[in-house]
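For reference, the structure is listed below as structure tokens.
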Amino acid sequence: MKHRGRHRRRRRGRAVRATLAGTALALTAAATLISASQAEVTDAPGTLKPISATAETGRLPLAEHRVPDQWLDRLSSEMGRPVGVGAVLESADRPLRDAAGCSTAEKQALPIEPAATRAYCFGGADTRGWRPGAVTTSGDADDDGRWGDNRVILSGWTNGAEGGSMDGPAPERGLAKVAFVDANDPDRLRYTWALLAVPVDGGHDYRGLVSPLSGMVWYQDKLLVTTREGDRDALYVYDMDRIQRATVDSEAVGRVRGGWAAHGYRYVLPAVGSYTLPGGDDARPATVSLDRSTSPDSLVASEWVPADGDRRTRLWRYALSRDPARPGLLSTDSFGRADPVEAYETKTTDVRGVLAYRSGWYLDRAAGSPGGHGTLWRQDTGSARATECGTDETRHCWSGRSGSLSYWEETGEVWSQSGGMLFALPLSSVDRALD
-9 MKHRGRHRRR RRGRAVRATL AGTALALTAA ATLISASQAE VTDAPGTLKP ISATAETGRL
51 PLAEHRVPDQ WLDRLSSEMG RPVGVGAVLE SADRPLRDAA GCSTAEKQAL PIEPAATRAY
111 CFGGADTRGW RPGAVTTSGD ADDDGRWGDN RVILSGWTNG AEGGSMDGPA PERGLAKVAF
171 VDANDPDRLR YTWALLAVPV DGGHDYRGLV SPLSGMVWYQ DKLLVTTREG DRDALYVYDM
231 DRIQRATVDS EAVGRVRGGW AAHGYRYVLP AVGSYTLPGG DDARPATVSL DRSTSPDSLV
291 ASEWVPADGD RRTRLWRYAL SRDPARPGLL STDSFGRADP VEAYETKTTD VRGVLAYRSG
351 WYLDRAAGSP GGHGTLWRQD TGSARATECG TDETRHCWSG RSGSLSYWEE TGEVWSQSGG
411 MLFALPLSSV DRALD
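All residue numbers for the sequence shown refer to this note's numbering, where the first residue is -9 and numbers rise by one.
In structure tokens:
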């Protein structure tokens, strides 16, 4: 990564920060009516309880597995030379609508307090039947906020009806795809799709990744994606320099007569590795994000515990590798195992997004009823606060269907996705609403 970011870091703090921050949009007028059931104040979950990362409740070692290089080389030799993110963005031809062009029903998914300062919605045709999931950006990938010369947002989607459990197999689980969004011009966002895949048959073929995308982090040249594809799968790893072009426009996935197909999409990302879970524990990372306020940078994760669950939610922090030969990967021991360096428990349940920055952990709790709004908590070992709104100071102020949280440090914005709405707001406005 040193060849990508070093020459650009001097540009941090330029006027682009002001351009992207903008003035708060009037996005939530349609979402200001709060039902009586929503106005009930959620019981405070209390502070975070530190647990030893070596204790049984705090341990969640992840075993690293790499797809053999010869598999990947064979796939690229048969499909053609891989392309990078820049080439994908050059073909981004699908516009995201600005909030002004989104319907009232779509904007109902936005948070009430603090309000989004930027919001966009996807077109209905190519997301119909797909469930929105995780978000990450080039602000995660490189600390100057760019990948090469581009500002990029990645939005994950899963084939299947929206709704259903986040835990275990569900009938709506299906193929996973990622929208590559060209975010260079905040007034004109455009995107194209890439299918997530897994190499098989020694690299002679690939199959589609079948899993909800509830967590996603793009760090250096790797994309780490949470998965519930198998009993022990935790994260799949993709290389942003190994994006392959599909050569046949077909609903099929993999090798087909005449070439290679990716469910009708132009691009496909074959996995280059994975992290698997130990046996004997039902815990797994359900949502993840990047924390650049630590040294080294770290990946934070939360499990999913249902609202009526009888135990606390566990949070973990994993160090990211500083080894230049292992860009974008977790720090592992000599056995290829990544152990958490920090672990906590919280009484907050139904966590759909987690973000850690400095001493605070931000937890996005889902709405308790369809069409309702969720709760955004900031917790640490000494306090717990939630954003409040309305004359009755209800805590149901956050988006009800939002997924992962991603902090773009260079611009100071938090990005998330709720329904078909992709939105951002300053982290400072979140903190003000919590004070």
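The C-beta atom is built at its ideal place from N, Cα and C for all residues, glycine as well.
As the structure is a prediction and not an experimental result, all values here were calculated from the model.
Which residues in the same chain have their Cβ closer than 7 Å to the Cβ of Arg141, if we skip the five residues on either side of it in sequence? Ser128, Gly135, Ala173, Asn174
Let me know the secondary structure DSSP gives Asp300 once reduced to three states. coil
Taking only the alpha-carbon atoms, compute the straight-line gap between Asp313 and Pro286 and give it to the nearest angstrom. 11 Å
Cα-Cα separation, Gly380 to Ala315: 52 Å
If we ignore side chains and look at the alpha-carbon of each, how far apart do Ile24 and Pro104 end up? Unreliable placement is indicated for Ile24, whose pLDDT of 39 sits below 50; no coordinate value is reported for it.
Can you tell me the Cβ-Cβ gap for Leu345 and Ser279, rounded? I've got them flagged as a contact below 8 Å. 5 Å
Using 8 Å for Cβ pairs, my map puts Glu54 next to Gly326. What's the rounded Cβ distance? 5 Å
Three or more C-beta pairs closer than 8 Å, one from the region 207 to 224 and one from the region 238 to 246: is that the case here? no
Completely contained beta strand (DSSP E) runs for the region 90 to 124, where each covers 3 or more residues: 108 to 111
Contained beta strand (DSSP E) runs [length at least 3] in the region 221 to 291, N- to C-terminal order: 223 to 229, 243 to 246, 249 to 252, 257 to 266, 277 to 281
Does the contact criterion of 3 or more C-beta pairs under 8 Å hold for the region 198 to 211 versus the region 110 to 127? yes
Indicate the three-state DSSP secondary structure (helix, strand or coil) for Val426 in the structure shown. Residue 426 is absent from the structure shown; the chain starts at -9 and stops at 425.
Is the region 88 to 105 touching the region 347 to 359 in the sense that three or more CB pairs, one from each, lie closer than 8 Å? no
Taking 8 Å as the cut-off, does the region 364 to 384 touch the region 144 to 151 (at least 3 CB pairs, one atom from each stretch)? no
Grouping DSSP H, G and I as helix and E and B as strand, with all else coil, what is Leu65? helix
Cβ of Thr182 within 9 Å of Cβ of Ser81? yes
Helix, strand or coil for Arg178 per DSSP? coil
Start and end residues, beta strand (DSSP E) containing Ala333: 332 to 336
Sub-9 Å separation of Arg235 and Val73 beta-carbons: yes
Just tell me which of Ala423, Leu417, Gln407, Arg422 has its CA closest to the CA of Cys111. Gln407
For Thr22, which of helix, strand or coil comes out of DSSP? Only weak support exists for where Thr22 lies, its pLDDT of 43 falling under 50; the value from the coordinates is given anyway. Note: Thr22 maps to coil in three-state DSSP.
Enclosing beta strand (DSSP E) for Ser408 [first to last residue]: 403 to 408
Using the DSSP secondary-structure output, state which residues sit across from Thr37 in a beta bridge. Its beta-bridge partners do not exist; DSSP assigns none.
Checking the sheet assignment: what are the DSSP bridge partners for Gln210? Gln210 is not bridged to any residue.
Note down, in chain order, each residue of its chain lying with its Cβ closer than 6 Å to the Cβ of Leu319, except the 5 sequence neighbours on either side. Ser311
Around the C-beta of Pro40, are 16 or more other C-beta atoms found within 10 angstroms, so that it is buried, or is it exposed? exposed
7 Å Cβ shell around Glu96 - same chain, five flanking residues per side excluded: Cys111, Gly409, Gly410, Met411
Starting from Val420, follow the alpha helix (DSSP H) in both directions and report where the run begins and ends. 417 to 424
Tell me the rounded alpha-carbon separation between Val246 and Ala261. 19 Å
Would you kindly check if the distance between the Cβ of Val295 and the Cβ of Asp340 is under 9 Å? yes
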